[in-house]
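One structure below.
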Amino acid sequence: MNNDAGLKQFVAKPARVPPHNDQSLVRRIHSRCFNTPGNSVLTIAVIILAWYIIRSALDWAVFDAVWNADTRRECLNINPNGACWAGVISWFNGLIYGRYPADQQWRVDLGFILGVMWLFPLMSKKIAYRNFILVSWIGLYPFFGAYLFLGGEFGAEVGIIHALFTSLAAGFFILLYANWLLATLNQPDLCERVRPLVARLFQRGTQVICLLVVWGALSLPVALVLSQMALEPVAIERWGGLFLTLIIATFAITMSIPIGVVLALGRQSKLPVIHWMSLLTIELVRAVPLITVLFMAVTLLPIFLPSDMELDKLSQVLFAVCIFSGAYMAENIRGGLQAIPRGQYEAAQSLGLGYSMTMLLIVLPQALRLMIPNIMTSFISILKDTTLVSIIGLFDIMLMARNIANDKDWIGLHTEPIAMISILFFIICYSMSQYSLNLEKRLKADRS
Numbered sequence: 185m186n187n188d189a190g191l192k193q194f195v196a197k198p199a200r201v202p203p204h205n206d207q208s209l210v211r212r213i214h215s216r217c218f219n220t221p222g223n224s225v226l227t228i229a230v231i232i233l234a235w236y237i238i239r240s241a242l243d244w245a246v247f248d249a250v251w252n253a254d255t256r257r258e259c260l261n262i263n264p265n266g267a268c269w270a271g272v273i274s275w276f277n278g279l280i281y282g283r284y285p286a287d288q289q290w291r292v293d294l295g296f297i298l299g300v301m302w303l304f305p306l307m308s309k310k311i312a313y314r315n316f317i318l319v320s321w322i323g324l325y326p327f328f329g330a331y332l333f334l335g336g337e338f339g340a341e342v343g344i345i346h347a348l349f350t351s352l353a354a355g356f357f358i359l360l361y362a363n364w365l366l367a368t369l370n371q372p373d374l375c376e377r378v379r380p381l382v383a384r385l386f387q388r389g390t391q392v393i394c395l396l397v398v399w400g401a402l403s404l405p406v407a408l409v410l411s412q413m414a415l416e417p418v419a420i421e422r423w424g425g426l427f428l429t430l431i432i433a434t435f436a437i438t439m440s441i442p443i444g445v446v447l448a449l450g451r452q453s454k455l456p457v458i459h460w461m462s463l464l465t466i467e468l469v470r471a472v473p474l475i476t477v478l479f480m481a482v483t484l485l486p487i488f489l490p491s492d493m494e495l496d497k498l499s500q501v502l503f504a505v506c507i508f509s510g511a512y513m514a515e516n517i518r519g520g521l522q523a524i525p526r527g528q529y530e531a532a533q534s535l536g537l538g539y540s541m542t543m544l545l546i547v548l549p550q551a552l553r554l555m556i557p558n559i560m561t562s563f564i565s566i567l568k569d570t571t572l573v574s575i576i577g578l579f580d581i582m583l584m585a586r587n588i589a590n591d592k593d594w595i596g597l598h599t600e601p602i603a604m605i606s607i608l609f610f611i612i613c614y615s616m617s618q619y620s621l622n623l624e625k626r627l628k629a630d631r632s
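Take the sequence shown: its position 203, counted from the start at 1, is 387 in this note's numbering, and no numbers get skipped.
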């Protein structure tokens with residue numbers, strides 16, 4: 185007892201005051217910009233320089249700009265120090281649609297609206313066959329878009345195969361939105377409604393058969409309606425402006441993923457023929473600039489085709505851009521494949537999965553998720569590289585902008601069209617980068 189009484193009693197010290205963490209705007213600016221004399225001088229210099237640049241840019245682009253004039257000479261007479269946006273406004277329709285007929289430009293607007301609407305159901309997690317939306321957009325929408333943009337009549341300008349896939353695309357679009365509406369109302373989708381009838385006739389595969397039955401039932405009346413319509417034919421040579429730029433960029437971006445996957449898997453193949461063919465394709469394409477590939481496609485590709493087969497210049501450009509973008513995408517995807525641990529392959533083998541199912545279900549989804557930033561960087565580069573097609577004579581937005589300076593009313597107007605295109609490309613590229621960041625967060629690609 186005496187020993188216990190002599191023990192020291194533990195007395196807890198009072199809690200320490202938490203560190204002062206003032207996150208006010210003034211304190212953050214002081215701690216980051218004015219914490220040392222050197223930083224203070226640098227901050228003041230940057231502010232002065234930024235103020236001078238922004239003020240000069242605003243004076244030229246907004247306050248001293250001329251918005252209403254008939255010629256460039258009139259712009260200079262009104263204010264020679266400001267931008268002549270009147271020329272850009274006068275040519276705005278050509279910058280967007282190229283030489284597409286003015287009375288048919290609603291088809292371009294409708295085509296792009298339907299293309300965007302096709303992907304809207306991806307936002308819903310209740311809709312059936314959600315995994316097939318993107319695949320259907322890649323495989324079916326080009327036929328429907330080509331029918332709208334090219335025009336023609338079923339059986340005449342529009343061939344049987346093109347007419348068939350156009351009807352299937354329109355039928356799937358109707359099926360997609362009908363199921364989305366029913367899912368929103370918490371009702372069974374169209375396929376579930378006909379499944380009892382199909383189950384009486386078939387023992388297996390009723391889900392796929394139901395989808396095909398409903399899809400065909402919706403596509404048939406669409407085909408009958410479209411066969412009675414005749415859109416005015418518009419030659420590809422009249423396509424141009426931002427419309428043509430987006431078509432080339434969208435097609436190249438869409439095809440770069442499957443081409444890149446095939447080349448990346450081929451480069452890792454143990455079969456010598458496939459390995460070396462993939463390796464040579466990747467290295468040869470990546471060793472030359474895009475303009476070289478474009479000239480080779482335009483000049484050399486027709487030599488290897490049959491004499492009775494003639495491709496238009498747009499098809500040749502699409503072939504070249506897809507191969508070029510696919511070769512660069514292959515290296516991005518190969519980097520993602522190398523980042524997958526060996527244990528993932530061994531786990532797939534232990535489950536009895538073959539090579540194709542292992543890649544399709546386990547390896548490729550993880551590799552693509554890891555490489556989202558690099559893939560989106562490649563997409564942005566593809567979009568910007570499509571402006572090179574103006575060198576071989578396609579009237580994309582860059583060539584249309586250069587034609588403004590050749591117009592007799594706007595001779596010498598170079599800066600304003602390029603500035604407008606720069607702003608437009610910045611908006612598109614910035615939107616793509618922000619979508620990439622949101623997608624990366626949603627998929628948690630950066631988790632350890």
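Even glycine gets a Cβ: it sits at the ideal position worked out from N, Cα and C.
May I ask you to list the residues that DSSP assigns as paired with residue i?
| i | result |
| --- | --- |
| Glu-337 | Ala-414 |
| Asp-593 | Bridge partners of Asp-593: none, in fact. |
| Val-250 | Cys-268 |
| Val-342 | Phe-338 |
How many whole angstroms separate the CB atoms of residue i and residue j, which I take to be in contact at a CB cut-off of 8 angstroms?
| i | j | result |
| --- | --- | --- |
| Trp-275 | Ile-611 | Not really, about 19 angstroms apart at Cβ, beyond 8 angstroms. |
| Val-469 | Ile-507 | 6 angstroms |
| Leu-554 | Ala-523 | 5 angstroms |
| Arg-256 | Asp-593 | 7 angstroms |
| Leu-153 | Leu-324 | This structure cannot speak to residue 153, because the chain is shown only from 185 to 632. |
| Asn-416 | Gly-335 | Before going on, a small fix: residue 416 reads as Glu here, not Asn. Correct: roughly 5 angstroms between the Cβ atoms. |
| Val-418 | Pro-285 | 6 angstroms |
Tell me where the alpha helix (DSSP H) around residue i begins and ends.
| i | result |
| --- | --- |
| Leu-497 | In the sequence under discussion, the amino acid at residue 497 is Lys, which differs from the Leu named in the question. Its alpha helix (DSSP H) spans residues 497-522. |
| Lys-568 | 556-569 |
| Val-225 | 221-242 |
| Asn-263 | No alpha helix (DSSP H) holds Asn-263; DSSP gives it neither H nor E. |
| Pro-473 | Here Pro-473 belongs to no alpha helix (DSSP H), and DSSP marks it neither H nor E. |
| Ile-575 | Taken as a continuous stretch (DSSP letters only), Ile-575 belongs to no alpha helix (DSSP H), as it is neither H nor E. |
| Asp-373 | From DSSP, Asp-373 is part of no alpha helix (DSSP H); its letter is neither H nor E. |
| Ala-448 | 425-451 |
| Lys-197 | That residue, Lys-197, is in no alpha helix (DSSP H); it is neither H nor E in DSSP. |
| Arg-211 | 209-217 |
| Pro-601 | 599-627 |
| Phe-296 | 289-303 |
| Ile-487 | 485-488 |
| Glu-530 | 526-534 |
| Phe-276 | 276-281 |
| Tyr-539 | 539-542 |
| Ser-320 | 316-323 |
Going along the chain, which residues of its own chain have a beta-carbon closer than 6 angstroms to the beta-carbon of residue i, five neighbours each way excluded?
| i | result |
| --- | --- |
| Arg-626 | none |
| Ala-196 | none |
| Phe-386 | Ile-393 |
| Ser-509 | Ala-436, Ser-440, Ile-566 |
| Ala-481 | Gln-500, Phe-503, Ala-504 |
| Thr-570 | Thr-429, Ile-432, Ala-433 |
Near residue i, what residues of its chain come up, given a Cβ to Cβ distance below 7 angstroms and the 5 sequence neighbours on each side ignored?
| i | result |
| --- | --- |
| Leu-567 | Ala-433, Ile-612, Cys-613 |
| Gly-329 | Gly-295, Gly-299 |
| Glu-337 | Ala-414 |
| Ala-585 | Leu-279, Pro-601, Ile-602, Ile-605 |
| Val-378 | Cys-394, Val-397, Val-398 |
| Val-463 | In the sequence as presented, Val is not what sits at residue 463; that position holds Leu. Result list for Leu-463: Arg-451, in chain order. |
| Asp-373 | Ala-312, Asn-363, Leu-366, Ala-367 |
Cutting at 8 angstroms between CB atoms, please list the residues of its own chain near residue i, excluding the five before and the five after it.
| i | result |
| --- | --- |
| Arg-518 | Ala-448, Arg-451, Gln-452 |
| Trp-251 | Trp-269, Ala-270, Ile-273 |
| Thr-438 | Ile-322 |
| Thr-368 | Ser-308, Lys-310 |
| Trp-244 | Asn-265, Gly-266, Ala-267 |
On the three-pair Cβ rule with 8 angstroms, is the segment 388-403 touching the segment 355-371? Because the criterion of three Cβ pairs below 8 angstroms is met, the segment 388-403 and the segment 355-371 touch.
Taking contact to mean 3 or more Cβ pairs, one atom from each stretch, closer than 8 angstroms, check whether the segment 580-598 and the segment 418-431 are in contact. Yes: at least three Cβ pairs fall under 8 angstroms.
May I ask you to verify whether the segment 598-611 touches the segment 268-287, counting CB pairs closer than 8 angstroms and requiring at least 3? Under the 8 angstroms Cβ criterion, the segment 598-611 counts as touching the segment 268-287, having at least three qualifying pairs.
With a threshold of 8 angstroms, are at least 3 pairs of Cβ atoms found where one atom belongs to the segment 613-624 and the other to the segment 291-305? Short answer: they don't touch.
The segment 513-521 touching the segment 440-457, judged by at least three CB pairs closer than 8 angstroms: Three or more Cβ pairs drawn from the segment 513-521 and the segment 440-457 lie within less than 8 angstroms of each other, which places the two stretches in contact.
So does the segment 567-578 actually touch the segment 493-503, counting three or more Cβ pairs closer than 8 angstroms? Counting Cβ pairs under 8 angstroms, three or more are found: they touch.
Would you call the segment 302-315 and the segment 361-374 in contact, with 3 or more CB pairs under 8 angstroms? Result yes; three or more Cβ-Cβ pairs closer than 8 angstroms.
Inter-stretch contact (C-beta, 8 angstroms, three-pair minimum) for the segment 334-351 and the segment 405-425: Yes, the segment 334-351 is in contact with the segment 405-425.
Does the pairing of the segment 559-566 with the segment 235-249 give three or more beta-carbon distances under 8 angstroms? Counting C-beta pairs with one atom in each stretch, the segment 559-566 and the segment 235-249 have fewer than three that are closer than 8 angstroms, which means they do not touch.
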